[in-house]
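Working notes, structure below.
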């Protein structure tokens, strides 16, 4: 419990403490069109990740456990340097203090009771577990990891961590759902920059204003700036969303989604009565003739077809069609089905009735 409290305090500090403005190096291997350039610039300016030289960053280089420990300590504003006390043994390796701190907080444990494996590379599924431990992420849906096409390849011990990161949008813009996660692939320096940038951004809430005639659900209801928020609009029976009234913070929503601004959002809308739609048809008066002799033709004289609408109103219609058509010769004995169809505003409804064709004694 104490570890979680310490980590929680440190996480809050991340959002409040800003490293001094550092001049950004122009890395020759991070061009302007590199996918995570802005994120690398952010991490460099904060001193979380540094260049591998004065002119290179090696964004696609893999991260070892030792390197991750050092970067994570910087990110969490934890001291990872060797102590300057003369009566305390100076730690040997650059990562020793960071590894000890990460292990003591339960964020990055050893690979055994006596080894840390500093040169082993950090994988994507391991990063998910580390992020979950760091931010004390909950697992709202333990099946969220299945959003990845190769979910079966995710180790059982990492599935809750991956699900938690998916649910909390930690992997937003990095390992997005709907495609392969490649859980055992090593994490790159550029990818870690993206994750650190994402979790450093403040989150904002989406509130649905008072509604009458329907409901709206925001997915997600808490999001960071730049995230896509989808709105599930569900009118009540007999209602529809009034055109042009779906808005967020007073601005129109195009379609049913918007990009989260750097502010809390209030979604408003109006619902109105929906126009009646065709629900069904029925034959309210049967044709005068329903019994025929072989050789007669279909006669629909006297038939009345009534349309029934969603608001329970009715109307007699005459632009219906039948199969077989009126006037069709009836050449076979027995019971035959006549199908009546009626289309209105793109909606087609059908109903049936039977006629009897008897042998013609004169043939």
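Residue numbers (full-length UniProt numbering): 1 to 363. Note that CB positions come from ideal geometry on N, CA and C, so glycine has one too.
The beta carbons of residue 341 and residue 309 sit no closer together than 9 Å. Nearest Cα to residue 218 within the set 266, 122, 304, 126: 266. In the three-state scheme derived from DSSP, where H, G and I count as helix and E and B as strand, residue 121 is classed as strand. Spanning the alpha carbons of residue 180 and residue 32 requires a straight line of approximately 26 Å.
Residue 50 carries a coil assignment under DSSP once its states are collapsed to helix, strand and coil. By the CB criterion at 9 Å, residue 184 and residue 123 fall inside the cutoff. Residue 349 carries a strand assignment under DSSP once its states are collapsed to helix, strand and coil.
Beyond the five residues adjoining it in sequence on each side, residue 203 comes within less than 6 Å, by CB distance, of 222, 224 in the same chain, given in chain order. Check the Cα spacing between residue 353 and each of 305, 231, 312, 296: the tightest is with 305. Pairing residue 357 with residue 334 gives a Cβ-Cβ distance under 9 Å. Contact between the region 135-146 and the region 62-82 is absent: fewer than three C-beta pairs spanning the two stretches fall below 8 Å. Straight-line spacing of the CA atoms in residue 170 and residue 348 works out to 47 Å. Excluding sequence positions up to five before and after residue 167, its CB lies within less than 6 Å of the CB of 140, 144, all in the same chain and listed in chain order. Only exposed fits residue 325, as fewer than 16 other CB atoms lie within 10 angstroms of its CB. For residue 145, there is no enclosing beta strand (DSSP E), since its DSSP letter is neither H nor E. Looking at the backbone, the Cα of residue 27 and that of residue 158 are separated by about 34 Å. Within the same chain, and ignoring the five residues on either side of residue 119 in sequence, the residues whose Cβ sits closer than 6 Å to its Cβ are 64. By the criterion of a C-beta distance shorter than 6 Å, residue 129 is surrounded in its chain by 158, 161, once the five residues flanking it on both sides are discounted.
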